[in-house]
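Just below is one structure, and these are the notes that go with it.
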Amino acid sequence: MTDIQTWRAWLLTDTPTSRRHAKLSAVYQGWLSFRGNTMAMVGLWILILLLLIAFAAPFIAPHDPFAQNLGNRLQPLWSDDHLLGTDSLGRDILSRLIYGARITLYIVGLVALIAPVTGLLVGTVAGYVGGWTDQVLMRITDIFLAFPRLVLALAFVAALGAGIENAVLAISLTAWPPYARIARAETLTIRSSDYISAIQLQGAGAMRIITKHIWPLCISSLIVRVTLDMAGIILAAAGLGFLGLGAQPPSPEWGAMISEGRRFILDHWWVATVPGMAIFTVSLAFNLLGDGLRDVLDPKDSEK
Amino acid sequence: MAFTENNNGGRHKAPLELWIRATFLMLGSIIVTMLGLMFITFIIGRVMPIDPVLAIVGEQASKSTYDAAYEQLGLDRPIIVQFALYVWDVIHGDFGKSLLTARPVSQDIARVFPATLELATIGVFVGIVLGVPLGVIAAVKRGSWIDQVARVIALVGYSMPIFWLGLMGLLIFYGILGWVGGPGRVGIFYVDIVPSVTGMILIDSILDRNWLVFKDALSHIVLPASLLGYYSLAYISRMTRSFMLEQLSAEYITTARVKGMSESAVIWRHAFKNIRVQLITVIALSYANLLEGSVLTEIIFSWPGIGSYITTALLSADMSAVMGGTVVVGLIFILLNIFSDLLYKVFDPRAK
């Protein structure tokens, strides 16, 4: 490589010199087309901001999110010292929102890890092994798909006890079947391709083929699906929190904050309104990001 | 038109015969899925951290009373036998007794279900009436302002927490403006005035010709129904748009235009006609989602439907009620899904 060639030219080359070069180049070109999508970039920036806020919560929160001050309860918006007012126990709503970002990210992160991995496992095994294994696994998937999602999550949380970890499990339990479907469909097309036959002839076992050759190809469609599902996950978690089945008080979970503010909605509207705006903003950001990612990673599914 | 080609391609079997065959195949899958659904519900009911025997006999019961109740509930038998007995009861319409209302769960469900049905039906109706034309126009005038508006409507719908939007609706239209009735199905003065025939208060009040109750019920249902309608509108308009785009880019549309057919005939008589089956599938799905997804809406609006029934039962550990409610909702969900599948398979010659 000569000195004149910049990184950009190296990344945009038509003639990659190695596998890694080709991969990096593909990623860079994907990024360029993603960057052209303004709405997706807005979504990305909101989420980066959310990450920073969650990370720096102790430094930027003006008050202790748990500190009660009954003499100072239900302060309106823009009041001195409390930008977004205070709730029924005199806690600063802005600080609670900032700490709540951590809980939201925690839930979304865990579900986004558990559900697709479960789906990937079930789907690829069903698709690759075939036969009655496929039949049984897909029947189970169908049963979970047939279940009304929120009702299943509700029943599950009720059985295990309310709490944030159980809410995560319940949401994952309702979220994995679509991933299994996608992974199976991808596996079925990959399985019949020539290069799989080639490595089979070379003596590769089922384990190796699934983990090394099928999983990597399923990842991109799963990532798109996960990003598009994130909004749904946030809404489901907030719904469980709202019903009192997710994070427990005094935890500043956004859904639970709405539920708390609901009692004062007519006289002190901001207590329930502000956390709702936060949920809306974040799930909107995930939807925008998901749409953008889909256009880049999965062009065949995007709108023409 | 688009169908004739396929007909020449050797479709010998009559649609009816195909329908029957598909139905039998589906029946097997319904039964398996239903059994699975009941099994999961059953297991959830069993791992509940609350002792069902104590809930019946009370904390102070003697050992012998406890044991008697334990045996009466069949808890001493193997779990598979218990499950089989449960399935047997459910087939006979027996979901056990609710601890909360002290009535058979089946009666409770028959009482609360019409409320949900009424709400979801109006909701999906709103979604169809507004969503389908919006989707068609958005597809035809792609990139225009109306397409952008449709996109934003859908995006906001996918991102908004439904319970929060419901609260905001109550705050604005009930609390501040006073345009609509508050939570509940009718105002306190109108409760139980009209005899319950269908359980759907709008229809009951029409049957009774009690326009006062009708008007009041309407003012109560308008907000939750528009809320649900908005959510199905978001979904239906999006799907309609993408179906229409797919049709409009097909070659037969170009042919029709070249032949000099008017634009509205091209859109409605050709393109729209070919998306009807897909559209019905989407509407059935969206209806199923409304029936189950109205849980949060029902709670916000104190709507006495199956969603609030299940949630109240859950919070008071009334497991027979929870299991019964879940099985019924699941059954409806499955049936609607299968119905739309069947429709698709029978009426779309390509899906064979």
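Chains E and Z, in that order, are what the protein sequence lines are. Just so you know, we're using my numbering here: the first sequence kicks off at 82 and counts up by one. Just so you know, we're using my numbering here: the second sequence kicks off at 37 and counts up by one. Cβ atoms here follow ideal geometry from the backbone N, Cα and C, with glycine treated the same way.
For residue j and residue i, the rounded distance between their alpha carbons
| i | j | result |
| --- | --- | --- |
| Ile263(E) | Lys295(Z) | 42 Å |
| Ala156(Z) | Ala261(Z) | 7 Å |
| Leu321(Z) | Asn373(Z) | 6 Å |
| Thr96(E) | Ala103(E) | 8 Å |
| Leu131(E) | Glu246(E) | 21 Å |
| Ser278(E) | Gly211(E) | 16 Å |
| Glu282(Z) | Ile173(Z) | 14 Å |
| Gly45(Z) | Ile368(Z) | For Gly45(Z), the pLDDT reaches just 44, beneath the cut-off of 50, and the residue's location in the model is therefore unreliable, leaving the point undetermined. |
| Ile164(Z) | Leu175(E) | 40 Å |
| Ile127(Z) | Pro229(E) | 20 Å |
| Leu327(Z) | Leu153(Z) | 7 Å |
| Arg101(E) | Ile315(E) | 36 Å |
| Met219(E) | Trp213(E) | 10 Å |
| Leu170(Z) | Ser274(E) | 42 Å |
| Ala182(E) | Ala337(E) | 13 Å |
| Gly256(Z) | Ser338(Z) | Correcting the residue type first, residue 256(Z) is His in the shown sequence and not Gly. For His256(Z) and Ser338(Z), the distance between alpha carbons rounds to 11 Å. |
| Leu111(Z) | Val148(Z) | 29 Å |
| Lys388(Z) | Pro340(Z) | In this predicted model, Lys388(Z) has a pLDDT of only 48, less than 50, meaning its place in the structure is not dependable enough to derive any value. |
| Ile239(Z) | Val83(Z) | 41 Å |
| Ala35(E) | Pro297(E) | The question about residue 35(E) has no answer, for chain E in this structure spans 82 to 385. |
| Arg57(Z) | Gln314(Z) | 21 Å |
| Val117(Z) | Gly244(E) | 32 Å |
| Leu206(Z) | Leu235(E) | 25 Å |
| Val192(E) | Arg187(Z) | 27 Å |
Boundaries (first-last residue) of the alpha helix (DSSP H) holding residue i
| i | result |
| --- | --- |
| Tyr276(E) | 275-282 |
| Glu287(Z) | 287-294 |
| Trp112(E) | 100-116 |
| Ser302(E) | 296-323 |
| Phe361(E) | 351-378 |
| Pro139(E) | 138-141 |
| Arg262(E) | 245-272 |
| Pro260(Z) | 247-284 |
| Tyr226(Z) | It is not in any alpha helix (DSSP H) - Tyr226(Z) carries neither H nor E in the DSSP assignment. |
| Phe237(E) | 230-241 |
| Met204(Z) | 198-205 |
| Met74(Z) | 51-83 |
| Ala337(E) | 335-343 |
| Ala90(E) | 88-92 |
DSSP-derived helix/strand/coil call for residue i
| i | result |
| --- | --- |
| Thr137(Z) | coil |
| Thr222(E) | helix |
| Asp161(E) | coil |
| Asp125(Z) | helix |
| Asp15(Z) | Since the first residue of chain Z shown is 37 and the last is 388, residue 15(Z) is not available in this structure. |
| Asp130(Z) | coil |
| Thr167(E) | strand |
| Asp112(Z) | coil |
| Asp354(Z) | coil |
| Asp183(Z) | helix |
| Asp173(E) | strand |
| Pro169(Z) | helix |
| Trp304(Z) | helix |
Residue i at chain E interface by Cβ criterion, 8 Å
| i | result |
| --- | --- |
| Met196(Z) | yes |
| Leu61(Z) | no |
| Thr276(Z) | no |
| Gly211(Z) | yes |
| Phe369(Z) | yes |
| Thr347(Z) | yes |
| Trp339(Z) | no |
| Met280(Z) | no |
| Ile67(Z) | no |
| Val83(Z) | yes |
| Thr317(Z) | no |
Residue i and residue j closer than 8 Å at C-beta
| i | j | result |
| --- | --- | --- |
| Leu178(E) | His349(E) | no |
| Ile295(E) | Ile280(E) | no |
| Ile370(Z) | Ile66(Z) | yes |
| Ile346(E) | Leu203(Z) | yes |
| Tyr209(E) | Ala287(E) | yes |
| Thr199(E) | Trp159(E) | no |
| Ser195(Z) | Asn368(E) | yes |
Residue i CB to nearest heavy atom of the ligand MN below 7 Å
| i | result |
| --- | --- |
| Val148(Z) | Among the components modelled here there is no ligand, and therefore nothing to report on the ligand MN. |
Neighbour flag for residue i against chain Z, beta carbons, 8 Å
| i | result |
| --- | --- |
| Ser302(E) | no |
| Glu384(E) | At Glu384(E), the pLDDT of 45 sits below 50, so the modelled position is not reliable and the matter cannot be decided from this model. |
| Ala264(E) | no |
| Arg375(E) | no |
| Thr268(E) | no |
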